[in-house]
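At position 262 of the sequence shown the residue is numbered 455 (this note's numbering), and the sequence of numbers has no breaks.
Take a look at the structure below.
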Amino acid sequence: MSTKLVQKTFSRSINKGLVGSGKTLTIEKIKGDASARKYFRVKTGDSSYVVCLCDKEAFRTFTLMQKILSNQGVPVPQIIDKDPELGYLLQEDLGGQTLWDFLAGADEKQELETYKNILDYLGLFQKVEVALSPSKASFNQEGLFLEIESSRVFLVEKYLKYNLQEGELELFKESFGELCKEASMGPFVLNHRDFHSRNIMLSGGPVFIDFQDARGGIAQYDLASLLDDCYFEITSANVEKLKKYYFENYMECSDYPRFLRDYDLISIQRLFKAVGTFAKIYVERGDDSYLKYIDRSFEKLIDRLGKYPKYQKLNELLLNIKNEN
């Protein structure tokens, strides 16, 4: 059904004169991310395009954010044609190389320069007014803690099958509640929300995708998502250089130790949210392709948490949960 819909809607785009027609028309399903959106590569003659099929709300948020970001100069896919009733989006084809693909063959210097370039565009992204985002959600204390609770259910209870005792549950909620409070006290900027190596295409330069859920939060949220990527391990030396580069060029505060602490705390929240999402995809869809990223990410957040004596008991609890599985 989806392929037929793509063929039907793409033919309409041809009839509008928005794309050229060729002797042959091929439609290839593209493996998407963890979302429910469906992507197809459509080739006609020597031209190639990408079609996205999504529900009406995803269509609305994507097209609105695409226009806002494009006007700001942020590199995002260009929309050629659209149909809100059918959830049809015809976009330019950016090719198949993500940042993740590129990094597999990059040396340390190439890695550093590529990430600096991406951070420059992230700086542009974060200049967009938070109020312009169609999302009413926020990375305030409540928003961050809701994600923690979801991860507790899907990672700890349903995937790891660890039964938190009453005292453990109280410790978990109190400690993570305080961490989320601390990690939401800085000035808010617009955050991509899922800013990692698989959501950045390289097509003559970086192009950001999957930005429709952008929302307000501290500036370090997207930075931590990018540098503490669950899918790729940047060299530790480059991580420190990139933190400093971002701080010196895009942060208005002068307190670097505070900047680093906020980075660590939001990174812990982000990593726990991510591993919870991976577990949820497995529990709800039976898709185990993301499970391989859980151990390394879980270890990283525990290591990061161990830097702060205030959260020692939470760290011990998470270690216990991990070691029992």
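Glycine residues also receive a C-beta, built at the ideal position from the N, C-alpha and C atoms.
Length of the line joining the Cα atoms of residue i and residue j
i: THR291; j: ILE311; result: 13 Å
i: PHE347; j: SER240; result: 43 Å
i: GLU361; j: ASP403; result: 36 Å
i: LYS209; j: LEU419; result: 40 Å
i: SER344; j: GLU350; result: 9 Å
i: GLY289; j: ARG234; result: 10 Å
i: LEU364; j: GLY379; result: 25 Å
i: ILE459; j: TYR308; result: 20 Å
i: GLN358; j: ASN516; result: 16 Å
i: LEU453; j: ILE341; result: 21 Å
i: GLU441; j: HIS389; result: 21 Å
Beta-carbon contacts of residue i that lie in its chain and below 6 Å, excluding the five residues immediately before and after
i: ASP457; result: ARG497
i: PHE318; result: VAL267
i: ILE487; result: VAL468 and PHE471
i: PHE203; result: VAL235
i: THR219; result: LYS236
Exposure label - residue i; buried when at least 16 CB within 10 Å
i: GLN505; result: exposed
i: SER368; result: buried
i: ASP339; result: As written in the sequence, residue 339 is Leu, which differs from the Asp given in the question. Result: exposed.
i: LEU211; result: exposed
i: GLY410; result: buried
i: GLN271; result: exposed
i: ASN518; result: exposed
i: LYS249; result: exposed
i: ARG463; result: buried
i: ASP448; result: exposed
Contacts around residue i, its chain only, beta-carbon distance under 7 Å, and the 5 residues preceding and following it disregarded
i: ARG408; result: SER326, SER328, ALA330, SER331, PHE332, ASN384 and ARG386
i: LYS260; result: none
i: ILE514; result: VAL349, LEU353 and TYR355
i: ASN269; result: The sequence given here places Val at residue 269; Asn does not occur at that position. So the qualifying residues of the chain are GLN259, LEU262, SER263, VAL400, PHE401 and PHE404.
i: GLY499; result: ASN508
Contacts around residue i, its chain only, beta-carbon distance under 8 Å, and the 5 residues preceding and following it disregarded
i: LYS275; result: PHE252, THR256, TYR281, LEU282 and LEU283
i: SER167; result: Outside the displayed span of the chain (194 to 518) sits residue 167, for which this structure offers no information.
i: ALA430; result: GLU301
i: LEU512; result: ILE495
i: TYR443; result: LEU312, LEU315, GLY316, GLN319 and ALA412
i: GLU304; result: LEU296, ILE427, THR428 and ASN431
i: ARG489; result: CYS423 and GLU426
i: LYS374; result: GLN334
Residues bridged to residue i [DSSP beta-bridge criterion]
i: THR291; result: MET394
i: PHE369; result: The partner list for PHE369 (beta bridge, DSSP) is empty, contrary to what the question assumes.
i: TYR242; result: VAL235 and GLU285
i: PHE218; result: It is worth fixing the name first, because residue 218 is Leu in this sequence and not Phe. According to DSSP, LEU218 bridges with THR237.
i: PRO399; result: LEU395
Chain B within 9 Å of residue i, Cβ atoms only
i: TRP293; result: The question asks about chain B, but that chain is absent: this structure has only one protein chain.
**Asked** Which whole runs of the beta strand (DSSP E) in the stretch 402-487 are 3 residues long or more, in chain order?
**Response** Considered as a whole, the stretch 402-487 harbours 408-411 as its complete beta strand (DSSP E) runs of no fewer than 3 residues, in chain order.
**Request:** Would you list, in sequence order, the uninterrupted alpha helix (DSSP H) runs of no fewer than 4 residues that lie entirely inside the stretch 291-338?
**Result:** Fully enclosed alpha helix (DSSP H) runs of 4 or longer: 292-296 and 301-318.
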